[in-house]
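Engineer:
Residue numbers (our numbering): 172 to 340.
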């Protein structure tokens, strides 16, 4: 019986003693690319170009800094969330947006020249394809602009869908 217990102990994987610190791991999202969208983090009042309030937005890091979660609340009553992540395997940013009106928008792109530019396809209520392009950039400390444009002719012409001026609260 003693030999059987000893043999079973040899089969168990080694476990650290209670209270013993585990070995430190490198931060999987510590590369500078993962911080490119950090200028958007914060609690914001969002205004339209005429100065009227469009809504509020909260952008916060989640999952140990590996993603950003957006929580939008519009003055017209709509709400929405996006999840933003840098995909290091493809070297690009990805955003998935969902809202209280049942809309889904998936965008991809990158940070170039101080601007985060993401694009993706969706469909108009008529079924026609729509190309979406959203650009974010810091205009001053504590201020960000978000310009969302759409194209129904594969990017030849663009129409402004939303022009938000973010002011940090």
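Think of the CB as a built atom: it goes at the ideal place given N, C-alpha and C, for glycine as much as any other residue.
#1: Whose CA, out of 268, 249, 314, 216, lies closest to the CA of residue 289?
#2: Which class does residue 211 belong to by DSSP, given the choice of helix, strand or coil?
#3: Hey, would you say residue 329 sits closer than 7 Å to residue 317, going by beta carbons?
#4: Quick check: residue 216 and residue 325, are their CB atoms within less than 7 Å of each other?
#5: Can you tell me the Cα-Cα spacing of residue 331 and residue 302, whole angstroms?
#6: For residue 286, which of helix, strand or coil comes out of DSSP?
#7: For a test of the three-state rule: what should DSSP assign to residue 205, helix, strand or coil?
#8: Going by beta carbon distance, what residues of the same chain come within less than 7 Å of residue 291, once the five residues before and after it are set aside?
#9: With C-beta atoms as the reference, is residue 320 less than 7 Å away from residue 257?
#10: Can you tell me whether residue 280 is helix, strand or coil according to DSSP?
#11: In chain order, what residues of the same chain lie with their CB nearer than 6 Å to the CB of residue 236, ignoring the 5 residues before and after it?
#12: Look at the Cβ atom of residue 336, then the Cβ atom of residue 214, and state whether they are nearer than 7 Å.
#13: Buried or exposed: where does residue 246 fall if 16 or more other Cβ atoms within 10 Å of its Cβ makes it buried?
#14: Go to residue 311, then tell me how far its beta strand (DSSP E) extends in each direction, as first and last residue.
Structural biologist: In short, the structure shows the following:
#1: 268
#2: helix
#3: no
#4: no
#5: 12 Å
#6: strand
#7: helix
#8: 276, 277, 278, 279, 303
#9: no
#10: strand
#11: 200
#12: no
#13: exposed
#14: 300-311
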